[in-house]
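See below for the structure under consideration.
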Amino acid sequence: MSAKTSVIALAGRVRRFLAAFPLIPVGVLLIVLFSIIQPNFFSAANLVNVLTQASVLLIAATGMTFVILTAGIDLSVGAMMFLASAFVAATLEGGLWPVLVILLVPLLTVVLGAFNGTVVATTGVPAMLVTLATLQVFRGIGGHLTEQQSLVLPDSVRFLGLGDLAGIPRAVWVAAVVVFAGAYVLKRTRFGRHVQALGSNPSAAWNAGLPVRGLLITVYAIAGLSAGIASLVQVGRLGAVQPTLDVGFELTVITAVVLGGASLSGGYGSVAGTAVGALLLTTVENGLVLSGASPYVFDIFRGAVLLIAIVGSDLPRRLLRASRRKGGEAAITP
Amino acid sequence: MKLMKTAAIVAAAATVLVLSACGTTQTGSSAGSTSDHLTIGVSFDLVNDIRNAELASLKAAAAKQGDKIVFVSADQDAQKQASQIQDLIQTKKVDAIVAIAVNNDQIASSIALANSSKVPFIAIDRAVSGNGKVTFQVTGDPVADGKVAAKEVLDAGGNPVIIQLVGALTDQNAVGRRDGFTAGIEAGGQKVSAQVPTDWDPTKALDGTANALQSNPKVNTIFIPSDYLLPSVQSALKAAGRLKPVGDPGHVFIVTIDGDPNGCKAIKDGLMDADVVTPVGTFGEQAIAAAHTANAGKAVTPATSQVAGFPLNQANLSTTESTVWGCTK
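As you go down the protein sequences, you meet chains A and E in turn.
Going by numbering that gives the first Met the number 0, the first sequence runs without a break in its numbering and finishes at 333.
Going by numbering that gives the first Met the number 0, the second sequence runs without a break in its numbering and finishes at 328.
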């Protein structure tokens with residue numbers, strides 16, 4: 000193989016990598032920028048800090064990726080997390096064992112998610128409307144359970160958010176397990192392929208005899224499971240349940256998934272891409288505080304990064320399409 | 000089938016709209032009063048500890064007069080608050096509106112509606128702006144509260160390295176507390192090392208505090224503009240191994256504002272140094288009195304009242320706690 004062929008092959012691999020993870024260059028640019036402004040930014044301690052702070056978003060966004068892949072959406076995720084947190088506070092006050100509370104939370108949110116999925120799958124009402132309604136219901140129940148008060152939680156239910164394992168915070172371990180499990184299920188199992196097929200072409204999925212209703216119920220249940228685990232990590236980190244907890248968090252979760260390259264029309268997206276999106280969002284917040292930016296600059300910078308990331312994320316795909324048109328590359332699935 | 004689907008969509012949309020518009024109503028009343036006993040519509044931006052205390056003070060003052068309270072919460076949604084106040088004025092026919100605005104500018108349309116309907120509009124806790132006529136306004140004094148918090152820091156002496164958490168920048172209370180604290184600290188020859196924006200979001204407060212502690216390990220003082228964010232800051236300090244009791248060499252000096260049950264408990268537990276207490280009981284008494292004055296056809300003078308907070312700290316805990324709403328719950 001000549002040197003020229005090797006360079007062309009390498010360039011092709013780089014283009015494919017960038018097409019799969021278009022946010023990486025934006026992330027690298029941000030890391031360089033923040034490191035110049037604040038040398039502490041690029042340190043092992045701060046890397047752990049960013050991973051810890053991203054953990055809740057990583058977990059919730061992993062579940063949302065499944066939903067968005069089916070061209071669905073779950074606007075109730077933030078409210079579900081609040082309800083789960085309120086459930087923790089209320090059941091502890093009711094005298095339930097902390098271990099039992101921790102085990103019951105994911106069960107509760109799976110049921111809530113499956114409820115969303117059942118309504119979406121059986122009524123044909125758009126997921127946005129269904130989950131907008133359940134958002135109100137879940138937040139209302141949570142508010143009723145806590146009586147809209149700030150409740151401080153004991154350490155006994157903060158296991159997943161406090162402390163570390165082998166020097167890495169438990170929250171990061173939990174997030175890593177959820178992300179890897181989500182990626183495995185989506186990429187390596189028949190269920191994952193069915194989810195992608197359903198999102199790509201629902202009619203074809205029906206005609207092919209896929210259990211569409213069951214798939215929809217399952218993906219919303221997965222989003223519920225993720226929300227439950229995320230809420231356990233969150234109350235572990237925060238140590239309290241407060242009335243405005245997770246208000247609007249669903250939009251951050253959806254942003255992470257879309258930034259990660261998923262299409263809101265369904266059929267395209269990956270858990271790995273979502274993880275990069277979540278880490279990018281968290282890096283921006285972390286870097287802005289560390290760099291000592293004025294609070295007024297935060298929104299401007301956040302918006303600018305989002306815009307650059309969204310425009311930039313499409314650039315590699317356009318380059319790829321352009322190179323295909325020239326016939327220089329083998330066909331690659333976008 | 001298609002008809003059923005359409006009907007389901009319409010029903011779901013209608014449910015959401017109704018839920019959004021209605022929020023939470025605690026005490027119902029079908030019509031305004033005809034005697035000295037008023038029906039007063041109370042619209043809050045949200046419900047939390049301090050709002051519950053403010054509502055309790057309104058209810059207590061109203062009960063003395065034999066008034067009815069119709070309460071709604073907007074869940075921090077300015078549009079929802081406008082709809083709720085419209086409902087209170089036009090459907091419930093209340094005799095007065097007492098409101099804590101979600102947004103001090105966006106409340107203008109509700110003030111205009113109250114003015115055109117000849118219903119007195121009383122703002123409490125958060126100052127409102129706009130062209131309409133506000134019958135009476137009673138608020139805390141956020142700038143003065145910030146200065147009291149700064150004085151607590153300066154009185155502690157030493158060489159403070161200060162993190163300042165900031166609430167939502169659209170909230171006058173948050174901006175006033177920030178400005179008052181900064182001015183007080185600078186007047187004492189010190190400076191704020193870093194500001195942490197929070198939008199009143201507990202998670203942002205947790206992450207922002209962790210980041211600020213990470214970037215500057217010498218931080219030994221934290222100003223929190225509301226007790227609402229105290230658990231987040233304590234969790235960040237705990238995760239960093241820096242949540243030490245008052246008197247411990249590694250203790251981080253903490254001062255907050257509000258005087259809520261968490262703040263009071265933290266001072267009693269020796270984990271926090273000072274809290275600037277908002278005298279919420281005064282809000283209710285003054286607001287209900289103003290509603291009666293206005294309904295009697297008289298002008299409320301003065302039309303604005305600012306009530307500064309007072310400090311609760313380790314030194315005056317035993318003598319002051321009985322006057323702090325968060326300590327008596």
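Glycine included, C-beta positions come from ideal geometry on N, C-alpha and C.
Enclosing alpha helix (DSSP H) for leucine 279 of chain A [first to last residue]: Element bounds for leucine 279 of chain A: 270 to 289.
N-terminal and C-terminal residue of the alpha helix (DSSP H) that threonine 327 of chain E is part of: Careful: threonine 327 of chain E lies outside any alpha helix (DSSP H) and carries neither H nor E.
Segment contact, 8 Å Cβ cut-off, at least three pairs: the stretch 41 to 54 of chain A with the stretch 197 to 217 of chain E: Because the criterion of three Cβ pairs below 8 Å is met, the stretch 41 to 54 of chain A and the stretch 197 to 217 of chain E touch.
7 Å CB neighbourhood of valine 101 of chain E in its chain, flanking five on each side removed: The answer, listed in chain order, is Asp44, Ala73, Gln75, Asp76, Ala77, Gln80.
Ordered list of alpha helix (DSSP H) runs contained in the stretch 29 to 97 of chain A, each at least 4 residues: If one requires a minimum length of 4 residues, the alpha helix (DSSP H) runs lying completely within the stretch 29 to 97 of chain A are 43 to 68, 76 to 92, in chain order.
CB contact flag (alanine 186 of chain E, glutamine 233 of chain E, <9 Å): The answer is no: Cβ separation not under 9 Å.
Euclidean distance between Cα positions of aspartate 170 of chain E and threonine 90 of chain A: Computed Cα separation, rounded: 34 Å.
At least three beta-carbon pairs within less than 8 Å, the stretch 106 to 113 of chain A to the stretch 78 to 86 of chain A: Put simply, the stretch 106 to 113 of chain A touches the stretch 78 to 86 of chain A. At least three CB pairs are less than 8 Å apart.
Burial state of asparagine 206 of chain A, where buried means 16 or more other Cβ atoms lie within 10 Å: Result: exposed.
Any chain E beta carbon closer than 9 Å to glutamine 37 of chain A: Contacts with chain E at 9 Å (Cβ-Cβ) include glutamine 37 of chain A.
Residue closest to valine 218 of chain E, alpha-carbon to alpha-carbon, out of E/His250, E/Pro310, E/His291, E/Ala155: Of the residues E/His250, E/Pro310, E/His291, E/Ala155, the one whose Cα lies closest to the Cα of valine 218 of chain E is E/His250.
Contact set between glutamine 195 of chain A and chain E, taken where Cβ atoms lie within less than 7 Å: Residues of chain E passing the Cβ test: none, with the nearest at roughly 26 Å.
Under 7 Å from the C-beta of arginine 236 of chain A: neighbouring residues of chain E: Ordered by position in chain E, the residues that pass the 7 Å Cβ test against arginine 236 of chain A are Leu205, Ser234.
Cross-chain neighbours of leucine 168 of chain E in chain A, by beta carbon under 8 Å: Pro294, Tyr295, listed in chain order.
CB contact below 9 Å: aspartate 48 of chain E versus chain A: Closer than 9 Å: yes.
Contact with chain E by arginine 400 of chain A, beta-carbon distance below 9 Å: In the structure displayed, chain A extends from 0 to 333; residue 400 of chain A sits before or after that span and is not available.
Close Cβ partners of threonine 220 of chain E (< 6 Å) along its chain, the five nearest in sequence each way excluded: Val152, Pro159, Ile161, Phe252.
7 Å CB neighbourhood of leucine 231 of chain A in its chain, flanking five on each side removed: Excluding sequence neighbours, leucine 231 of chain A sits near Ile101, Val104, Leu159.
Residue interval of the alpha helix (DSSP H) (run including proline 260 of chain E): Here the alpha helix (DSSP H) through proline 260 of chain E covers 260 to 267.
Interface flag, threonine 255 of chain E vs chain A, CB-CB below 9 Å: Cβ-Cβ to chain A under 9 Å: no for threonine 255 of chain E.
Any C-beta of chain A under 9 Å from that of alanine 20 of chain E: Low local confidence applies: a pLDDT of 42 at alanine 20 of chain E is under 50, so the model's placement there is unreliable, with the coordinate-based value given in what follows. The beta-carbon of alanine 20 of chain E is placed no less than 9 Å from the nearest beta-carbon of chain A.
Alpha carbon of alanine 314 of chain E to alpha carbon of aspartate 154 of chain E, nearest angstrom: Distance between the alpha carbons of alanine 314 of chain E and aspartate 154 of chain E is about 12 Å.
Between the CA atoms of lysine 146 of chain E and threonine 277 of chain E - distance to the nearest angstrom: So the alpha carbons of these two residues sit roughly 14 Å apart.
Within 8 Å of chain A by C-beta, residues of the stretch 194 to 222 of chain E in sequence order: Listed by position, the residues of the stretch 194 to 222 of chain E near chain A (Cβ gap below 8 Å) are Gln194, Val195, Pro196, Trp199, Asp200, Pro201, Thr202, Lys203, Leu205, Asp206, Gly207, Ala209, Asn210, Ala211, Gln213, Ser214.
Rounded C-alpha distance that separates threonine 121 of chain A from valine 156 of chain A: Taken atom to atom, the span from the alpha-carbon of threonine 121 of chain A to that of valine 156 of chain A is near 36 Å.
Beta-carbon contacts of threonine 4 of chain A that lie in its chain and below 8 Å, excluding the five residues immediately before and after: The answer is none, since no qualifying residue turns up.
Per-residue burial, leucine 28 of chain A [other beta carbons within 10 Å of its own, 16 or more giving buried]: Of the residues assessed, leucine 28 of chain A falls on the exposed side of the cut-off, its CB having fewer than 16 other CB atoms within 10 angstroms.
Terminal residues of the beta strand (DSSP E) in which alanine 98 of chain E lies: Per DSSP, alanine 98 of chain E belongs to the beta strand (DSSP E) from 95 to 98.
Whole-Å CB distance - leucine 209 of chain A paired with leucine 197 of chain A, under 8 Å assumed: The Cβ separation is near 6 Å, so the contact holds.
Min CB distance leucine 289 of chain A to chain E below 9 Å: Closer than 9 Å to some Cβ of chain E, the Cβ of leucine 289 of chain A qualifies, so yes.
Enclosing alpha helix (DSSP H) for proline 214 of chain E [first to last residue]: For the sequence presented, residue 214 of chain E should be read as serine rather than proline. Annotation for serine 214 of chain E: the continuous alpha helix (DSSP H) segment containing it runs 201 to 214.
Classification of glycine 260 of chain A by the beta-carbon crowding that lies within 10 angstroms, buried from 16 upward: Buried: at least 16 other Cβ atoms inside 10 Å.
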